[in-house]
Amino acid sequence: MKGTKKNGTDPKCYLQGFALQPELLTELRAMQCKSVALTRVYTLQQHQFEKLKPLYKEMLYTILHRLGKPSPEHISDNRELFQYVQKPPTSCLMVTVKEAKGILGKDVSGFSDPYCMLAIVHPSDSPFEKSSKGHGPLFRKPKKAVVKNTISEDFIQRSSVKKQTLNPIWDETFVLDMDEIETLGQKLGEITDLHSLKRIFKDAKKGQGQDDFLGNVVIKLEDLHCTEDEWYILEPRTETYPDRGKCHLQFKFIHKERDISLGTGQPAYTTYCGLLKQFVQYDISQHQEGSSAWKGELCAPAQTLLHLHATLNNLQPFLQDLGKWLAFSKLYQSLELDSNILLHQVTSIEYQWAMEKLPYQQVLYCESMVELLYRQAVSMEELYQQKHELADSLQAFLLYGLSLVRRFRDVFPPKSAQRLQSLLRVLVQMCKMKAFRELNPQTIDFQHKVTEALQSMEETVRALACLVREVKDDLNVNKEVWTKVFSSTVRVDVFTVNYLEFDALLAVEVQETLPSSTETQLSQEVADILYPLYLSLLDVHKAKSFIQNKDKVLALTVFHVRFRDALPCWLQKAYSTALVRIQRAVQVDQLKPLIENSPLIKHSSSAVDLATCFAQIRGTWNQLSWPDPEDAFMVMVKLTEDMCKITLIYCKMINQRAEELKSDNGDAANKLCVVVNNIEHLRSVLQKVPDQLDWAGLRQRTGHVIEEGQFRNTLYAQLQHAQGVLDRQICDAVLTLGHKLHADIENQILILADSHGPLPKPEDAVVSLMRFLEQELHYMNENLVQENFNSLLAPLWTHAIKILHRVSQQQVFSLEFYQRLQYALQCLEQCFHAEGNGLSLETLHAGEYKALKANLELTTLSNRELIQKYLDRKVTEQKRYSGEKYGAVTLIGSYKKEEQKLYIEVLNAVNLIPLDSNGASDPFVQLSLEPRYMFPEVETRNTKKKKAELNPLFEESFEFLVSPEQCCADGACLVLTVFDYDTLGTDDFEGEAFLSLKAIPGLRESQEPARTQQIRLPLMHPKPNEDNILKLLETRRSDREAQAFIKQRRQRERKSQEV
1 MKGTKKNGTD PKCYLQGFAL QPELLTELRA MQCKSVALTR VYTLQQHQFE KLKPLYKEML
61 YTILHRLGKP SPEHISDNRE LFQYVQKPPT SCLMVTVKEA KGILGKDVSG FSDPYCMLAI
121 VHPSDSPFEK SSKGHGPLFR KPKKAVVKNT ISEDFIQRSS VKKQTLNPIW DETFVLDMDE
181 IETLGQKLGE ITDLHSLKRI FKDAKKGQGQ DDFLGNVVIK LEDLHCTEDE WYILEPRTET
241 YPDRGKCHLQ FKFIHKERDI SLGTGQPAYT TYCGLLKQFV QYDISQHQEG SSAWKGELCA
301 PAQTLLHLHA TLNNLQPFLQ DLGKWLAFSK LYQSLELDSN ILLHQVTSIE YQWAMEKLPY
361 QQVLYCESMV ELLYRQAVSM EELYQQKHEL ADSLQAFLLY GLSLVRRFRD VFPPKSAQRL
421 QSLLRVLVQM CKMKAFRELN PQTIDFQHKV TEALQSMEET VRALACLVRE VKDDLNVNKE
481 VWTKVFSSTV RVDVFTVNYL EFDALLAVEV QETLPSSTET QLSQEVADIL YPLYLSLLDV
541 HKAKSFIQNK DKVLALTVFH VRFRDALPCW LQKAYSTALV RIQRAVQVDQ LKPLIENSPL
601 IKHSSSAVDL ATCFAQIRGT WNQLSWPDPE DAFMVMVKLT EDMCKITLIY CKMINQRAEE
661 LKSDNGDAAN KLCVVVNNIE HLRSVLQKVP DQLDWAGLRQ RTGHVIEEGQ FRNTLYAQLQ
721 HAQGVLDRQI CDAVLTLGHK LHADIENQIL ILADSHGPLP KPEDAVVSLM RFLEQELHYM
781 NENLVQENFN SLLAPLWTHA IKILHRVSQQ QVFSLEFYQR LQYALQCLEQ CFHAEGNGLS
841 LETLHAGEYK ALKANLELTT LSNRELIQKY LDRKVTEQKR YSGEKYGAVT LIGSYKKEEQ
901 KLYIEVLNAV NLIPLDSNGA SDPFVQLSLE PRYMFPEVET RNTKKKKAEL NPLFEESFEF
961 LVSPEQCCAD GACLVLTVFD YDTLGTDDFE GEAFLSLKAI PGLRESQEPA RTQQIRLPLM
1021 HPKPNEDNIL KLLETRRSDR EAQAFIKQRR QRERKSQEV
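Residue 1 is where the sequence shown starts when you use full-length UniProt numbering, and the numbers rise one by one after that.
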């Protein structure tokens, strides 16, 4: 010990020094970053340890259970083997300087200003003489010398200065690091002295200005136990003042840095608690059966291990008591422990709390003030967690204790009254604890809690339920046995007599035991007990159907009113149970069909569990058989709402499960197919709900209290909403499956339509596409139910048609290209129709199919076929044309087979439009047999020109040498074009008319007609750029014949007055 000089500087508090030095903030942040880095290193070490743990365990097992005499070259001592395989921790000595008494007073006032200096001295550096053997720390021989300039200032630690006192109190803790190279066992053999320099200096000026020496203590480390707490005499430097007082010191050997790769990664007190649980369970298993409860005395090895673990981990007494309380309070709920063990732990925690000896107040020496503050912050955070854990444990044990008190008749028989009394003492002491009051802000009246527990309805209801069951059994015996005996002998209905008696007695019991209504909500525990009582009373009440006077009003008629408050709890329990089962079912569902390759069962296990849950809910409804119609309707509404809610929750969970299980696109499709089947199965289950729950019967029961509209708007509306959600879920899933195939179908069609390189035959070109569709559709058909498979086919068909239509719009100058597309369309139609097993023809031929088919029919025709098609269209248009907007032409036509001549007589034209400036026209008619390539030798004929006439009279005849085959060919027609003659320019277009040669009289008849009729043809003007056949012919520029035809038609369109 030392005393400071008067002109010395007062030591500053670490916290104050930190607040005044901002540069320390940077150091603190650096330490926080270092902490993050250490956390990452710790995680890596944990991962490495998981790999090394089995090897390390095997090594320890081999050492512990070695057999046989070791060879000379092998190690025989197991301790040396353990020393070899272990990684030593960083060992330290923690010294707590508590106080000193009776020190010398060297100040003029008779007091001193003492402080302490501590250091570890190696024996080679120690000038102290070997002390003689004594019998305790107070009987050590004084040392004759004082260490001076033998220890570096870096290894000396100094306490605070206590002003003007002879009995200073420090209560400060220091950690003295040992040599990092040597292990603790080696140090205990080599380090002999702890030089606790207790020197007291007088605050008076001396030669060198040094503080005065008052005393010291030198202790051998090899003489110290794992923990030591003693008073030590301050030894003088000379014999002048031998009595220099004594000092109270506490020593602990601790591990400052452990090998975290072999640690649990948990706080030390948590590990302590776990070890304690294991030791207690083992000791209780060794405890003699039939003897009294285990008293809490651990065996010597367990006590030793726990003591070493607590000491080496610097586990404070509060944390040890906390760990013991957590362990014992948990074990008390499963094992037979003496309650006095808990009482002792409650008392210890209360003592530590009252003395404020909490862990965070134990300030250890640190290398810097910032490190000290950082460790204090971490310690305070751990303390908050420990307090929170203590609060939860106390509250949980209080609830558990009250639950035992509530059932004290069953738990504590009369011979175990002492156990109940011990438990009550623990609960009383726990509620009085200062820690319990501070950690639980709500004031708890323990007597009131006990009173509430004793007044609980649970025991009374259980007793009443037992009574009702006995009555029900007795009534069954009466009905099946005694009624026959009495009826056949004395003609007395003993069942009716007994039933009426029991009915009256039970009604009284129910009325006295169960309140008609409660102000507070029933707990779920009480409601669970009431449920079997209700079912038993319901069975008794239903037995009234066997009495003689069935119309008699019985006392138990309205017994259900007493259970109305419990009804919501029962329904909630049914919902919660079903929901938990569904969650577990989805968690274990691997989304595989219950029966592989089954054409009927394609859903997975969770769908079956869901249907089972719905069956249990229906069972709850049937069990309740609630007598009141209006209440029964509300129960049905709640059950329906719960089933619909579970349905929607299941859809969400099963989709999430599919996302968790999928590994690739193919696997995702498999899982999605099962999801669709599950939802489809669920939809079918929901559709049966109205029949299975007998909604029609309920409607009849509630007809006088519930209107039809209200009945439908509640029950049916809920069900329809849930079914609508399921339909959307199925539709979305099917579309998702379809989208997965869209890209592949498009690629196959693009490959089919590739016009580069040699063009294969249509039959060969579609092989790849059809093989792909056959494979995919076969898979979908096997893994989807028929309804969903048909739902999948429709969007796939629509997508394929869109792709084909888009490809067909390309301007490809190849007839084979369009023939392949047409053949592909035919194959797709057959594939999706599947001989009536797939999509219907109405579905297939809707939408873009008709336009695509018509377009492909045109694009696959040759140029001449297109011209014939065009002329057929014009003939059809001529027949449908009404009105004479541009005038008309009248003619007579006939055909003479023997001459193979076609006779045409142009009679007149009427109502022509004026095209000249004088308001008239100079018309003439041009006759042409089309198409030209079909009549190559027939020339175009013209009538005479009529000047200034809008209704010219021609009466001119023409002969055409053509065969009947030519006239009956497709597209063969007579085109009559009326022109207005123009002397200077080109003739103006008046209109045109088309007459099919097949319609000429005499062509089909065996004989010539006796009388030919006049044919009146309205003149038409073509609409520019409207006909798709002409557009298609325009793309075929290599054909001169087609281009000539196009040129003629475009000239007519340019002169047309149609817009």
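Heads up, the beta-carbon is just placed ideally off N, CA and C, and yes, glycines get one too.
List the DSSP bridge partners of residue i.
{"i": "Leu394", "result": "In the DSSP output, where bridge partners are listed per residue, Leu394 has none listed."}
{"i": "Cys92", "result": "Asp177 and Ile254"}
{"i": "Cys973", "result": "Glu930 and Ser996"}
{"i": "Ser957", "result": "Glu905"}
{"i": "Pro1001", "result": "Paired residues: none, contrary to the question."}
{"i": "Trp294", "result": "Leu337"}
{"i": "Ser112", "result": "Thr165"}
{"i": "Tyr895", "result": "Leu902"}
{"i": "Asp980", "result": "Pro923 and Asp988"}
{"i": "Glu99", "result": "Ile169 and His248"}
Below 8 Å CB to CB, which residues in the same chain sit around residue i once its five sequence neighbours on both sides are set aside?
{"i": "Ile103", "result": "Met1, Ser112, Pro114, Leu166, Asn167, Pro168, Ile200, Leu214, Gly215, Leu234, Arg244 and Gly245"}
{"i": "Asp988", "result": "Leu915, Ser921, Phe979, Asp980, Asp982 and Lys1055"}
{"i": "Lys130", "result": "Caution applies to Lys130, whose pLDDT of 45 falls short of 50 and renders its modelled position unreliable; the value that the coordinates give is listed next. Contacts found: none."}
What did DSSP end up calling residue i once you bin it into helix, strand or coil?
{"i": "Ile260", "result": "Here the model assigns Ile260 a pLDDT of 47, short of 50, so the residue's position is not dependable and the matter cannot be decided."}
{"i": "Arg1016", "result": "strand"}
{"i": "Pro762", "result": "helix"}
{"i": "Ser917", "result": "coil"}
{"i": "Asn216", "result": "strand"}
{"i": "Pro137", "result": "Low confidence applies to Pro137: its pLDDT is 42, below 50, so where it sits in the model is not reliable, and the reading given next is rough at best. If DSSP states are grouped into helix, strand and coil, Pro137 belongs with the helices."}
{"i": "Phe412", "result": "coil"}
{"i": "Leu591", "result": "coil"}
{"i": "Asn942", "result": "strand"}
{"i": "Cys299", "result": "coil"}
{"i": "Thr483", "result": "helix"}
{"i": "Ala888", "result": "strand"}
Between residue i and chain C, is there a C-beta pair that is closer than 8 Å?
{"i": "Glu782", "result": "No chain C appears in the structure shown, which is made up of a single protein chain."}
With respect to the beta strand (DSSP E) encompassing residue i, which residues constitute its N-terminal and C-terminal limits?
{"i": "Ile233", "result": "Thr227 to Ile233"}
{"i": "Thr606", "result": "Correcting the residue type first, residue 606 is Ser in the shown sequence and not Thr. Where Ser606 is concerned, there is no enclosing beta strand (DSSP E), although the alpha helix (DSSP H) it sits in stretches over Ser605 to Leu624."}
Identify, in the order they occur along the chain, each residue of the same chain with its Cβ nearer than 6 Å to the Cβ of residue i, setting aside the five sequence neighbours on each side.
{"i": "Arg701", "result": "Pro629"}
{"i": "Leu197", "result": "A caution first: Leu197 carries a pLDDT of 36, below 50, which makes its placement in the model too unreliable to give a value."}
{"i": "Gly893", "result": "Ile904 and Ile1000"}
{"i": "Ala543", "result": "Leu475"}
{"i": "Trp231", "result": "Lys246 and His248"}
{"i": "Phe139", "result": "Unreliable placement is indicated for Phe139, whose pLDDT of 39 sits below 50; the coordinate value is still reported in the next sentence. Correct list: empty, nothing qualifies."}
{"i": "Phe279", "result": "Leu298 and Ala302"}
For residue i, report the span of its alpha helix (DSSP H) as first-last.
{"i": "Leu276", "result": "Ala268 to Gln286"}
{"i": "Ala327", "result": "Pro317 to Leu331"}
{"i": "Ser768", "result": "Val767 to Asn783"}
{"i": "Glu222", "result": "Where Glu222 is concerned, there is no enclosing alpha helix (DSSP H), given that its DSSP letter is neither H nor E."}
{"i": "Val734", "result": "Ala717 to Leu752"}
{"i": "Ser791", "result": "Gln786 to Ser808"}
{"i": "Val812", "result": "Here Val812 belongs to no alpha helix (DSSP H), and DSSP marks it neither H nor E."}
{"i": "Trp695", "result": "Trp695 to Arg701"}
{"i": "Leu1044", "result": "Looking at the sequence itself, residue 1044 is Ala, so the reference to Leu does not match. First-last of the alpha helix (DSSP H) with Ala1044: Arg1040 to Lys1055."}
{"i": "Ala846", "result": "Premise fails: Ala846 is in no alpha helix (DSSP H) and is neither H nor E."}
{"i": "Val450", "result": "Phe446 to Leu454"}
{"i": "Ala417", "result": "Ala417 to Lys432"}
{"i": "Gly867", "result": "For the sequence presented, residue 867 should be read as Ile rather than Gly. Ile867 -> alpha helix (DSSP H) spans Asn863 to Arg880."}
{"i": "Arg237", "result": "No alpha helix (DSSP H) contains Arg237, which DSSP labels as neither H nor E."}
{"i": "Ala632", "result": "Pro629 to Leu661"}
In chain order, what residues of the same chain have a beta carbon less than 7 Å from the beta carbon of residue i, not counting five sequence neighbours either side?
{"i": "Val910", "result": "Gly887, Ala888 and Asn951"}
{"i": "Asn340", "result": "Ser422"}
Can you list, in chain order, the stretches of the alpha helix (DSSP H) that have 4 or more residues and sit fully within the segment 486-548? Listed in chain order, the complete alpha helix (DSSP H) runs (minimum 4 residues) inside the segment 486-548 are 494-513 and 524-542.
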